[in-house]
Amino acid sequence: MVDRSVSPPIHEIRSLRLPEFQKSAIAGDIPLGLIRHEDHPVITLNVVIPSGALQEPLKGITYFTAKMLSEGTSDLNAYQIASKIDFYGGHLDISPSPDHVSIKLYSLKKFFPTLLSLLADILQDASFPEKEFDTMKQIRIQQIKQQMARNSVVAGLQYRKCLFGETHPYGQIVEAKQVNAISHEEVLGHYQKNFLRSPSIYVAGAVDDIEIGLIEKEFSGMKFSGKDSQVMPHPLTSENLEIEKAESVQTSIRMGNITINRKHPDHFRLKVANEILGGFFGSRLMMNIREKKGLTYGIYSSLIHFNELSFWQIGTDVLKEKKDEAIGEILNEITQLQNIPPSSDELFTLKNYMKGKIASSFDTILDTIDLAKTLDLNGMSFDYWNDLFNAIDQVSGEDINSVASKYFDAKSIRIVTVG
Amino acid sequence: MAMINYHRESLRNGLDVIVHEDHSSSTVCLNLLYKVGARNEDPEKTGFAHLFEHLMFGGSKHVKNFDEPLQKVGGENNAFTSNDITNYYVTIPSDNVETAFWLESDRMLSLSFDPEVLEVQRRVVIEEFKQRYLNQPYGDVWLKLRPMAYKKHAYQWPTIGKDISHIENATMEDVKNFFFQYYRPSNAILVVAGDITVDRAMKLSEKWFGGIDDQKTLVRMPDMEPEQSEAREMIVQNKVPVKAIYKTYHMAERVSERYYSEDLLSDILGRGHSSILYQKLVKEKKYFSGISSYITGNIDPGLMVISGKLNEGVDEKMANAEIEKIIQDTIDKGIQGDDLEKVKNQSESSHLFSQIEVLNRAMGLAFAAFLGNIDLVNNEQQYFRKVTKDEVVGAASRVLRPTNCSTLFYLPEN
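These protein sequence lines are chains A and B, in that order. First residue of the first sequence? That's 39 in this note's numbering, and the numbers climb one at a time after it. First residue of the second sequence? That's 661 in this note's numbering, and the numbers climb one at a time after it.
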């Protein structure tokens, strides 16, 4: 008879098996990051163009400049491009973010040459048809309206505006009327002038020298403008914000502050402290606000890193009439974390959990290349993960009190509520 | 195409064990599928399968808390409930895999049935109901669509339940009955996948699950839905930013031969920006800001859905008539050019990309076994490849009939 009252032996997770991330340069000076994995006949190619909110001549224009790329070239119209990608079972994902535009191609290995050549056409030979722009603008306005009807979306945007300021690239909110004012000439002008800044490329999957050769060939013929030298402005944090909505049954809460980046000597300790506070299902916030009080379906605390600035954010949707109780409990949990060292048992669990989670984040090639990319774009090595993995064991309960006091300081916390 | 290898063996108590080896990473997935979903619920006690998903984390006979010991060994877990199944999964470093067997087997043996856990999870589920169904624009659309499309079958309610009062009124006795009715070894499928050998996986399965008694209990099966014979229509007005149209059509069950042509039909009509509906209604006519079609893929006959959001100022009746005209054209004129080859390639690509993750392979094996044909994980792409244009047109005239359709107009207030 098996003894169910005790756990099977627990093995400490000692080592991390990081896949190999190879860096090289193609076509002269375009950096190429590569992870090879032969088990599945698929390839992803990610072109990252450093054109973000800071480089925008007009608020909201990057979205259209990026999305219009696949709406027509001199040879193919929007329908033909979409049909070609779909016909070859490919997927093209163009997503603008505050720091850059990511263009990601998902392809079966057997169709990669065809889809790569289409991607090259899109980048260099986009024709920006006015008719497609008009349609896209209407759709975008509808999307913004739909997004703005969601409390959690509004809370996220307002929180960033509160931390960084409404004119800051990381804090600005693009509204429907601003989108409506953007013209076709302005978008085309932005593309022709210097939207296509020198990119970085990340490739993963069943890649051989043949595919690398093809990528090199396609990118050798392309023209890009140089990197932008503008400096990110200083953030301008404002006061707490409360947006009341009579019809809401739940309130969306965002709270936290601007915080240190991944290169800061306290970063690993802060990451552990954040994890214990609200980084996972067993976190203190989840245990208290969801599991003990039942005030929410979920609550998380995260450290979010842009290229130039980082911020800390606690996010949750709670029962409307229990909003103040929830905020009070969150602040209580923070105070506890600042003053009482976690028990050795809690710390042991947290550390092994974090190490297990890190180990499993490299289970798929798609996730792995994204993790490598994020660091590389920040000028950081993939070894970050080994360093974090090894640093976790060194963090003591007192370290957690001390970083929590320093970086989760009640005076600097901003609170935004919507609903 | 890479084949998914597997070993399958039943324990004496009826637990179906499937092992898939892949040593390319150092983790193991345990995927435990219970053959119970919202379709097995009593119409007066809906939302139970999903409530159970929550209760399963609230402690079992020998383990006070499910998550904590798992986190201690570096494991992660989650679960989901559908109309057909309840599925639990754990990802864990292979050195510590035994902990996952211990935890999963103990909660199959028996829950703790702690009244406080029931009270808290009842509140969490009610909050989930508010967050997902009430506090989102269009959030309650499936609460409206399901009872319109299904008059007899238990698919007429979503997993959260028909009415939240069923969760509010759930008693501990209901909970116990449900557990011992459905959470038994012979009503479950265990997939062990990843960095583990078949031999070790079978030994651990036998050690931890082998001693759990099976009690044959009566599994409640849903009534079959009679054929729909009239067009159904409903108008809902609510706080939403733009008008939306939802159309549902009854289609074949997941294991039917007809499923493949019907699935590809929905792709041709509404998958991606080159699809017929998107091109005609978003790009050409500009009636919609987005439109797509998809299927629910249920074990009993499910639904094909066409849904779209309208541009401002467009009349919803006219937009709906245009959708129906496009459908009629497809039936009259047949499938054009490369459209069928295209959706087959898309299907192959989605399949290959999803197979990258061991957890997806584990879920795929469990679901195929649940459907009664585990080889679907390796054969299904061939079935899609064999579909002809005539079969797709046949599917269109069979499924996309006006009298087989329920249309919901979701409109902004005033």
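All C-beta atoms in this analysis are idealised placements derived from N, C-alpha and C, irrespective of residue type, glycine included.
Cβ of residue i within 8 Å of any chain A Cβ
i, result
"I1016(B)", "yes"
"N980(B)", "no"
"N1074(B)", "no"
"R672(B)", "no"
"F740(B)", "no"
"S926(B)", "no"
"V733(B)", "yes"
"G973(B)", "no"
"S1088(B)", "This structure does not reach residue 1088(B), given that chain B is present from 661 up to 1074, and the question cannot be answered."
"P775(B)", "no"
"Q1041(B)", "no"
"F708(B)", "no"
"D676(B)", "no"
"V767(B)", "It is worth fixing the name first, because residue 767(B) is Arg in this sequence and not Val. Closer than 8 Å: no."
Coarse secondary structure for residue i, derived from DSSP in three states
i, result
"A429(A)", "helix"
"K393(A)", "helix"
"V191(A)", "helix"
"F344(A)", "coil"
"Y335(A)", "strand"
"D151(A)", "In the sequence under discussion, the amino acid at residue 151(A) is Pro, which differs from the Asp named in the question. Helix."
"I314(A)", "helix"
"P1072(B)", "strand"
"K1076(B)", "Since the first residue shown for chain B is 661 and the last is 1074, residue 1076(B) is missing from the structure and cannot be characterised."
"S398(A)", "helix"
"K907(B)", "strand"
"D29(A)", "Because chain A here runs from 39 to 457, residue 29(A) falls outside it and cannot be looked at."
"L252(A)", "helix"
"M661(B)", "Because M661(B) carries a pLDDT of 46, less than 50, the predicted location of this residue cannot be relied on, and the following value inherits that uncertainty. Of the three classes helix, strand and coil, the one that applies to M661(B) here is coil, per DSSP."
"F726(B)", "coil"
"D247(A)", "helix"
"S263(A)", "strand"
Test: residue i CB closer than 8 Å to a CB of chain B
i, result
"G128(A)", "yes"
"E436(A)", "no"
"R55(A)", "yes"
"L385(A)", "no"
"I125(A)", "In the sequence on display, residue 125(A) carries Phe and not Ile. Yes, because at least one Cβ of chain B sits closer than 8 Å to the Cβ of F125(A)."
"R292(A)", "no"
"F469(A)", "Because chain A is modelled from 39 through 457, residue 469(A) falls outside the range shown and cannot be assessed."
"D425(A)", "no"
"A187(A)", "yes"
Nearest to residue i (by Cα), restricted to the options the options
i, options, result
"F1013(B)", "D41(A), I99(A), K147(A), S108(A)", "K147(A)"
"K977(B)", "P729(B), M894(B), E787(B), H683(B)", "M894(B)"
"E833(B)", "D774(B), L794(B), S865(B)", "D774(B)"
"F247(A)", "L323(A), D437(A), E76(A)", "For the sequence presented, residue 247(A) should be read as Asp rather than Phe. Comparing Cα-Cα distances from D247(A) to each of L323(A), D437(A), E76(A), the minimum goes to E76(A)."
"K122(A)", "G1024(B), Y1070(B), D1035(B), G997(B)", "G997(B)"
"A1055(B)", "Q791(B), T990(B), I824(B)", "T990(B)"
"E1073(B)", "E1008(B), N1005(B), N898(B)", "N898(B)"
"F349(A)", "P237(A), E277(A), A410(A), I451(A)", "I451(A)"
"N416(A)", "D159(A), H129(A), V86(A)", "V86(A)"
"R892(B)", "N1064(B), G950(B), E1040(B)", "N1064(B)"
"S286(A)", "R783(B), N795(B), Q875(B)", "N795(B)"
"S953(B)", "I959(B), K946(B), H933(B)", "H933(B)"
"D992(B)", "K1049(B), V1018(B), G973(B), E1008(B)", "K1049(B)"
"S165(A)", "T111(A), I314(A), T455(A), M324(A)", "T111(A)"
"N980(B)", "K1002(B), I951(B), G674(B)", "I951(B)"
"E109(A)", "R74(A), Y126(A), L156(A)", "L156(A)"
"Y1070(B)", "R880(B), I987(B), Y906(B), L730(B)", "Y906(B)"
"N737(B)", "H826(B), L763(B), R880(B)", "L763(B)"
"T751(B)", "I211(A), D421(A), S398(A), V433(A)", "S398(A)"
"P886(B)", "K903(B), K863(B), H910(B), D874(B)", "H910(B)"
Residue-chain proximity (residue i, chain E), Cβ-Cβ < 8 Å
i, result
"S155(A)", "The displayed structure is made up of protein chains A and B, and chain E is not among them."
Whole-number beta carbon distance between residue j and residue i, since they are thought to touch under 8 Å
i, j, result
"K183(A)", "A214(A)", "6 Å"
"V1053(B)", "L1000(B)", "Wrong, their Cβ atoms sit about 10 Å apart, outside the cutoff."
"Y627(B)", "T746(B)", "What the structure shows of chain B is the stretch from 661 to 1074, and residue 627(B) is not part of that stretch, so it cannot be assessed."
The ligand GTP heavy atom lying under 7 Å from the CB of residue i
i, result
"L692(B)", "Only the bare structure without any ligand can be found here, which leaves the ligand GTP out of the picture."
Contiguous alpha helix (DSSP H) assignments of at least 4 residues, all confined to the region 101-183 of chain A: 116-125, 150-162
Contained alpha helix (DSSP H) runs [length at least 4] in the region 988-1031 of chain B, N- to C-terminal order: Scanning the region 988-1031 of chain B from its first residue to its last, the whole alpha helix (DSSP H) runs of 4-plus residues come out as 999-1014, 1018-1031.
Within the region 836-921 of chain B, ranges of the beta strand (DSSP E) (whole runs, at least 3 residues): 848-854, 892-898, 904-910
Contained beta strand (DSSP E) runs [length at least 3] in the region 922-977 of chain B, N- to C-terminal order: 948-955, 963-970
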